[in-house]
Amino acid sequence: MRTLIRNAQCVLPTGIHKTDVLVEDSKIVGVDAALGTRADEVIDATGLHLIPGVIDDQVHFRDPGLTHKEDLHTGSLACAKGGVTTFLEMPNTKPPAITQALLEEKLAIAASKSVVNYGFYIGATPKNVDVLKAAHRTPGIKIFIGSSTGDLLVDEQEALETIFAGSTLPVCAHCEDETTVKANTTRLNGGSTYAEHSQIRDHAAAYIATKRAIDLAKRHNHRFHVLHVSTGRELELLRDHGGLITAEVCPHHLFFNIDDYARLKSLVQMNPSIKTAEDNAQLWQGLLDGLIQVVATDHAPHTLEEKAQPYPKSPSGLPAVENSLALMLNQVNLGLCSLEQVVSWMCDAPARVWDIVDKGRIEVGYDADLVLVDMQREATIRNADQLTKSGWSPWDGVTLRGWPVRTFVMGRTAFADGRVNREHRGEEARYDHARGGFWAT
Ligand code: DOR
2 MRTLIRNAQC
12 VLPTGIHKTD
22 VLVEDSKIVG
32 VDAALGTRAD
42 EVIDATGLHL
52 IPGVIDDQVH
62 FRDPGLTHKE
72 DLHTGSLACA
82 KGGVTTFLEM
92 PNTKPPAITQ
102 ALLEEKLAIA
112 ASKSVVNYGF
122 YIGATPKNVD
132 VLKAAHRTPG
142 IKIFIGSSTG
152 DLLVDEQEAL
162 ETIFAGSTLP
172 VCAHCEDETT
182 VKANTTRLNG
192 GSTYAEHSQI
202 RDHAAAYIAT
212 KRAIDLAKRH
222 NHRFHVLHVS
232 TGRELELLRD
242 HGGLITAEVC
252 PHHLFFNIDD
262 YARLKSLVQM
272 NPSIKTAEDN
282 AQLWQGLLDG
292 LIQVVATDHA
302 PHTLEEKAQP
312 YPKSPSGLPA
322 VENSLALMLN
332 QVNLGLCSLE
342 QVVSWMCDAP
352 ARVWDIVDKG
362 RIEVGYDADL
372 VLVDMQREAT
382 IRNADQLTKS
392 GWSPWDGVTL
402 RGWPVRTFVM
412 GRTAFADGRV
422 NREHRGEEAR
432 YDHARGGFWA
442 T
């Protein structure tokens, strides 16, 4: 099957060029303005941009065990609609993915029902370093240095030292300091308002845990990716790391802050918590300055009924894969960043951080994970239109300009004309960890 995408403005590693892209089966086989027209399908993409598919390296799709919130099918439908062609999913499912067998169970579920490509982290526990050492078919190891949804937690120093010393796969971590969070919880009598979430999981909690994790990575010369940086102050930790550390920020930490609790209540209750408007601005600057390399969502759906419970019963997390690319394309249209930067943050950098083979770029030999975007299209996010099983978005009612209009996963159309091809199936991402990650490539 040969598909020719003609006349799009293509975001290539060398910049934006109007050229044609030829896809054969699952691969990009030509990037050239003179490819002829011999193809089974010719798509005239005049007026559209073609970008590599988004790789979201932090999602929670709840499968197995918590599938009333989301499952690997519904989460993947939301991905296809949002221009996300590959997701890497976190281990805090039920049971948690803390053995090779449990990891492979998730791979099997995804093979049977995910519309887009997939990968799964292996979860660290205080005692499973032997599993982590031998783990394969995974982008890396996830450590909850601070507790969040689920009961995965490693915060004893000795256990952390053992993991950093004894494993070789790249590590990422949820960084919020358990001791600080507990002390704040006691001081605030557990908290009773949603806004107090940001006082319990405060700036200090994020800073202390990120500092601790980066110290461990440096001492053990271990590759480490800081998930969801939430404070401007953490940026100072992301300098002078000798090519070991990468970091990411989520749309909710860029676009929401504590002033939003009044309007959105628990819908913006997340871990790490949202912080201040000043943090929003500093995090955006951190991206522009290259201190943060990746934008990912931490898509963490809960039902509206669960979210409506009073604090602190209300669970932390919000869904975002469906709208993350559009949120960033809107920033391009506002003149706040370039489309090439968005592609770097959401497509190329995550592939390099996790050593993903043949993804993240429009280049001959790469997988045909591609997204046509219409930079002029304006649309309003509506809860009723969301494909996530949770059925809501914290951006309900927000109008954005710049939207994905067609998504190709391994050469086949997974989303077009407003509809997801629910029968399509993605493939398991492959990793070449010998590549050495973001700074080596
Ligand atoms: O708010 C959050 N919810 N943060 C996390 O790190 C986990 C997530 C979840 O799984 O619900």
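First residue of the sequence shown? That's 2 in the working numbering, and the numbers climb one at a time after it.
Beta carbons: idealized from backbone N, C-alpha and C, even for Gly.
Which value, in whole angstroms, describes the spacing of the CA atoms of residue i and residue j?
i	j	result
Val410	Lys266	36 Å
Asp428	Leu78	It is worth fixing the name first, because residue 428 is Glu in this sequence and not Asp. Taking the straight line joining both Cα atoms gives about 14 Å.
Ala125	Glu364	35 Å
Arg63	Gly37	45 Å
Val32	Tyr312	53 Å
Ala160	Ala166	10 Å
Asp299	Ile382	19 Å
Glu237	Glu379	37 Å
Phe439	Asn258	30 Å
Val421	Arg264	32 Å
Asp386	Gln10	28 Å
Asp152	Tyr262	26 Å
Tyr432	Leu330	28 Å
Ala415	His74	13 Å
Ala135	His434	13 Å
Asp397	Leu268	11 Å
Arg240	Ser113	42 Å
Asn222	Arg138	23 Å
Gly48	Ser168	48 Å
Arg188	Thr194	14 Å
For residue i, which residues in the same chain have their Cβ closer than 6 Å to its Cβ, ignoring the five residues on either side in sequence?
i	result
Cys154	The question names Cys, but residue 154 in the sequence shown is Leu. Around Leu154: Phe145, Ser148.
Asn129	Ile99
Arg3	Glu25, Ala40, Asp41
Ala430	Thr87, Asn118, Gly120, Ile357
Glu90	Val60, Phe62, Phe121
Val85	Val55, Asp57, Val322
Pro92	Ala98, Tyr122, Gly124, Lys143
Ala301	His61, Gly318
For residue i, collect the residues of the same chain with a Cβ closer than 8 Å to its Cβ; drop the 5 residues on either side in sequence, then sort them by chain order.
i	result
Pro65	Thr94, Lys95, Pro96, Glu106, Lys107, Ile110
Asn272	Gly147, Ser149, Thr150, His175, Glu177, Arg202, Ser317, Gly318
Gly444	For the chain, the structure presents residues 2 to 442; residue 444 sits outside this window and is missing.
Asn185	Gln200, Ile201, Arg202, Asp203, Ala206
Take residue i as the anchor and find which of the options has the nearest alpha-carbon.
i	options	result
Val354	Leu326, Leu373, Ala297	Ala297
Ala34	Asp386, Asp21, Gly361	Asp21
Ala327	Arg240, Lys308, Gly403, Pro252	Gly403
Cys80	Pro320, Thr68, Thr180, Ala166	Pro320
Gln158	Ser113, Pro171, Tyr195, Asp216	Asp216
Asn334	Val374, Phe416, Arg413, Lys308	Val374
Lys70	Ser339, Lys308, Met376	Lys308
Ser394	Leu340, Leu371, Pro252, Asp260	Pro252
Ser27	Ala369, Ser325, Val12, Gly16	Ala369
Ile246	Ile293, Leu268, Gly287	Ile293
Val473	Arg436, Gly412, Gly437	Absent from the model: residue 473. The displayed extent of the chain is 2 to 442, so no value can be given.
Asn384	Thr163, Leu305, Glu424	Leu305
Thr442	Asp349, Lys19, Val295, Asp72	Asp349
Ala278	Gly291, Leu337, Asp260	Asp260
Val227	Glu235, Ala248, Arg426	Ala248
Leaving aside the five residues before and after residue i along the sequence, list all residues of the same chain whose C-beta is less than 7 Å from its C-beta, in chain order.
i	result
Leu255	Asn281, Leu284, Trp285
Arg7	Asp21, Val43, Ile44, Asp45, Ala46
Thr232	His204, Ala207, Tyr208, Lys276, Asp280
Glu341	Val12, Gly16, Ile17
Gln270	Tyr195, His198, Ser315, Ser317
Arg436	Asp356, Thr442
Along the chain, where does the alpha helix (DSSP H) containing residue i start, and where does it finish?
i	result
Gln464	Nothing about residue 464 can be read from this structure; the chain reaches only from 2 to 442.
Val354	350–354
Gly83	73–83
His175	Not the alpha helix (DSSP H): His175 falls in the beta strand (DSSP E), residues 172–175.
Arg220	204–220
His198	198–201
Ala40	Counting along the chain, Ala40 falls outside any alpha helix (DSSP H), and DSSP gives it neither H nor E.
Gly392	Gly392 -> no alpha helix (DSSP H), and no H or E assigned at all.
His50	Looking at the DSSP string, His50 is not in any alpha helix (DSSP H); the run it does join, the beta strand (DSSP E), is 50–53.
Gln158	158–167
Glu307	305–308
Phe256	252–256
Arg188	179–188
How close, in whole Å, do the beta carbons of residue i and residue j come, if the pair is a contact with beta carbons under 8 Å?
i	j	result
His303	Ser391	6 Å
Glu323	Gly83	4 Å
Gln210	Phe225	In the sequence under discussion, the amino acid at residue 210 is Ala, which differs from the Gln named in the question. Not quite, the Cβ-Cβ distance comes to about 12 Å (not below 8 Å), so this is no contact.
Ile29	Pro351	The pair is not a contact, with the Cβ atoms about 18 Å apart (cut-off 8 Å).
Leu401	Trp346	Not confirmed; about 17 Å, so no contact.
Ile52	Val344	5 Å
What is the residue span of the beta strand (DSSP E) that residue i lies within?
i	result
Lys70	Per DSSP, Lys70 belongs to no beta strand (DSSP E) and is neither H nor E.
Asp33	28–33
Val374	371–381
Asn118	118–121
Arg413	413–417
Ile142	142–145
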